[in-house]
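K.L.:
Just remember that our numbering sits 27 ahead of the position in the sequence shown, which is counted from 1. By construction, the Cβ of each residue, glycine as well, lies at the ideal position given by its N, Cα and C atoms. I have a structure here, written as structure tokens, and I will follow up with some questions on it.
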Amino acid sequence: MRMVDLIVKKRDGHELTDEEIRFWINGYVKGEIPDYQSSAMQMAILFRGMSHREVSTLTDCMEHSGEVLDLSMLRGIKVDKHSTGGVGDKTTLVLGPMVAACGATIAKLSGRGLGHTGGTLDKLESIPGLSIAISGQRFVDQVNNIGIAVAGQTASLVPADKKMYALRDVTGTVESIPLIAASVMSKKLASGSDAILLDVTVGEGAFMKNMDDARELANIMVQIGNRLGRDTRAVLSDMSEPLGLAVGNSLEVKEAIDALHGHGPKDLMELCFTAGAIMLVQAKCAKTKEEARKKLEEVIANGEAFNKFVQMVEAQGGDVSYILHPEKFEVSKNAIEIRAEEDAYIKAIDALEIGESSMRLGGGRATLEDVIDMSAGIVLAKKVGDFVKKGDLLCTVYTNKDKAAYLPVLEDIKHAYVFSKEHVEHVTVIKETIEM
Ligand code: URA
Numbered sequence: 028m029r030m031v032d033l034i035v036k037k038r039d040g041h042e043l044t045d046e047e048i049r050f051w052i053n054g055y056v057k058g059e060i061p062d063y064q065s066s067a068m069q070m071a072i073l074f075r076g077m078s079h080r081e082v083s084t085l086t087d088c089m090e091h092s093g094e095v096l097d098l099s100m101l102r103g104i105k106v107d108k109h110s111t112g113g114v115g116d117k118t119t120l121v122l123g124p125m126v127a128a129c130g131a132t133i134a135k136l137s138g139r140g141l142g143h144t145g146g147t148l149d150k151l152e153s154i155p156g157l158s159i160a161i162s163g164q165r166f167v168d169q170v171n172n173i174g175i176a177v178a179g180q181t182a183s184l185v186p187a188d189k190k191m192y193a194l195r196d197v198t199g200t201v202e203s204i205p206l207i208a209a210s211v212m213s214k215k216l217a218s219g220s221d222a223i224l225l226d227v228t229v230g231e232g233a234f235m236k237n238m239d240d241a242r243e244l245a246n247i248m249v250q251i252g253n254r255l256g257r258d259t260r261a262v263l264s265d266m267s268e269p270l271g272l273a274v275g276n277s278l279e280v281k282e283a284i285d286a287l288h289g290h291g292p293k294d295l296m297e298l299c300f301t302a303g304a305i306m307l308v309q310a311k312c313a314k315t316k317e318e319a320r321k322k323l324e325e326v327i328a329n330g331e332a333f334n335k336f337v338q339m340v341e342a343q344g345g346d347v348s349y350i351l352h353p354e355k356f357e358v359s360k361n362a363i364e365i366r367a368e369e370d371a372y373i374k375a376i377d378a379l380e381i382g383e384s385s386m387r388l389g390g391g392r393a394t395l396e397d398v399i400d401m402s403a404g405i406v407l408a409k410k411v412g413d414f415v416k417k418g419d420l421l422c423t424v425y426t427n428k429d430k431a432a433y434l435p436v437l438e439d440i441k442h443a444y445v446f447s448k449e450h451v452e453h454v455t456v457i458k459e460t461i462e463m
């Protein structure tokens, strides 16, 4: 078999056989197939797509390209959650403790942010002392003791995705439905949970820009998971504007703490209650979503969800005093306010623009080697659908960069806003749920 023949076959719109997909992935992981042939194949897939059978086989080959975790020694039904990425997405920090406080088992492996999207691991690492490098017995013990652990993926898990994602990132092939589906599901399947809740984001700040694509991606992933015996369900959530108000690592941790105290922004809480209710049903901690939602509301009101977060931070070596007194988090030396220049409704706040701006303020990485400024980012004061008067605060920009570096970013942030004299509705965060 020759790789060039497989590239030509896919380029011309034909289906690859299981053997051909296996030949590509095995050869690529072993270093026998070079990056340039793999990227040509990924570009051919981006244009030509893949059948469900091809995506299933690709997922299976990627999942088994490295270690596969066995979580059977953990008590209870293990539920995992994965978001396809967004701006201001601190859902795991709020949803994880909420669901664990209701009795479900969360053994979660999370990722880092890249480009305009943030990552849970970076957010957690903004808590001084907290380690995401917990593996093996320590990970198992923590989950058994407190019901939740959020750790970084080890290098031995799904090495094919590591290589393929890095290549996709620099060859314009991230936004391919089959490649995203195989990337997400290979990691979720290899990390061993019994049930999976996928949060497929849609809008400017997400990889899926429209509902048709988001629905197709969600359906493929749900089918792959269910076919392999994992209870897999999905929510489609809005990512046209940032989720919640805070964008940037420690800023988002502070917002997550507020949310766990019951003072979270409406869209973030709605996503947590909807996704959390499905996860509790999957974990058999509730019979119906209505019963589950009540339990979730209770653990927010009685402080158990917050306490679970405190326990998790403590177990992972973090300084709990920051969670109890969030004012201890370092604040950037520059806090610049952007104010409305007219009386109007806010029609749009471009999540992609806000995410990229936060990154340029120091809050994200352009390459994996970049060091993040944990205090940098943007805190919105208003959301789409709000009415502002001239002079009202739109957002506050936090950065340690000097003026010459941050001034152009302020201009881009202003351009993220679209105003209207006409009434504008607030955005509905939950677009759809997919439960088969
Ligand atoms: N998240 C992933 O894990 N993989 C992708 O390809 C896109 C989003």
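In this structure, does DSSP put A371 in helix, strand or coil?
P.N.:
strand
K.L.:
Are there any heavy atoms of the ligand URA lying less than 7 angstroms away from the beta-carbon of S210, as far as the coordinates show?
P.N.:
yes
K.L.:
Taking a contact to mean a Cβ-Cβ separation below 8 angstroms, would you say V280 touches Y372 in this structure?
P.N.:
no
K.L.:
Is the beta carbon of S162 closer than 8 angstroms to that of L148?
P.N.:
no
K.L.:
Can we say the segment 99-118 touches the segment 268-279, given the rule of at least three CB pairs closer than 8 angstroms?
P.N.:
yes
K.L.:
Need the endpoints of the alpha helix (DSSP H) that H79 sits in, please.
P.N.:
H79 to E90
K.L.:
How far does the alpha helix (DSSP H) with V56 in it reach, from first residue to last?
P.N.:
V56 -> alpha helix (DSSP H) spans D45 to K57.
K.L.:
Can you tell me whether DSSP reads T460 as helix, strand or coil?
P.N.:
strand
K.L.:
Does any heavy atom of the ligand URA sit closer than 7 angstroms to the C-beta of L224?
P.N.:
no
K.L.:
Quick one: is the Cβ of K190 within less than 7 angstroms of any heavy atom of the ligand URA?
P.N.:
no
K.L.:
Which residue comes first and which comes last in the alpha helix (DSSP H) that contains R139?
P.N.:
From DSSP, R139 is part of no alpha helix (DSSP H); its letter is neither H nor E.
K.L.:
By the three-class DSSP mapping on this structure, what secondary structure does A362 have?
P.N.:
In the three-state scheme derived from DSSP, where H, G and I count as helix and E and B as strand, A362 is classed as strand.
K.L.:
May I have the straight-line CA-CA distance separating F166 from F336, to the nearest angstrom?
P.N.:
16 angstroms
K.L.:
State the Cα-Cα distance for the pair T20 and I376, rounded to the nearest angstrom.
P.N.:
Only positions 28 to 463 of the chain appear in the structure, and residue 20 is not among them; the question remains open.
K.L.:
Confirm the yes/no value for this check: CB of K108, any heavy atom of the ligand URA, distance under 7 angstroms.
P.N.:
no
K.L.:
Return yes when the C-beta of V201 is under 7 angstroms from any heavy atom of the ligand URA, and no when it is not.
P.N.:
yes
K.L.:
With distances taken from CA atoms, which of K135, G123 and A332 is nearest L287?
P.N.:
It is A332.
K.L.:
Of the choices C299, A313 and I173, whose alpha-carbon is the least far from that of L101?
P.N.:
For L101, the nearest C-alpha among the options comes from I173.
K.L.:
What three-state label does DSSP hand G179 in the structure shown?
P.N.:
strand
K.L.:
Tell me the DSSP bridge mates of M464?
P.N.:
The structure shown does not extend to residue 464, since the chain spans only 28 to 463, so no value can be given for it.
K.L.:
Tell me which same chain residues have a C-beta within less than 6 angstroms of the C-beta of S83, skipping the five on either side of it?
P.N.:
I251
K.L.:
Whole-angstrom Cβ separation of A304 and A319, contact assumed at under 8 angstroms?
P.N.:
4 angstroms
K.L.:
Should G140 be listed as close to the ligand URA, given that the test is whether its C-beta is under 7 angstroms from any heavy atom?
P.N.:
Incorrect: G140 has no Cβ contact closer than 7 angstroms to the ligand URA.
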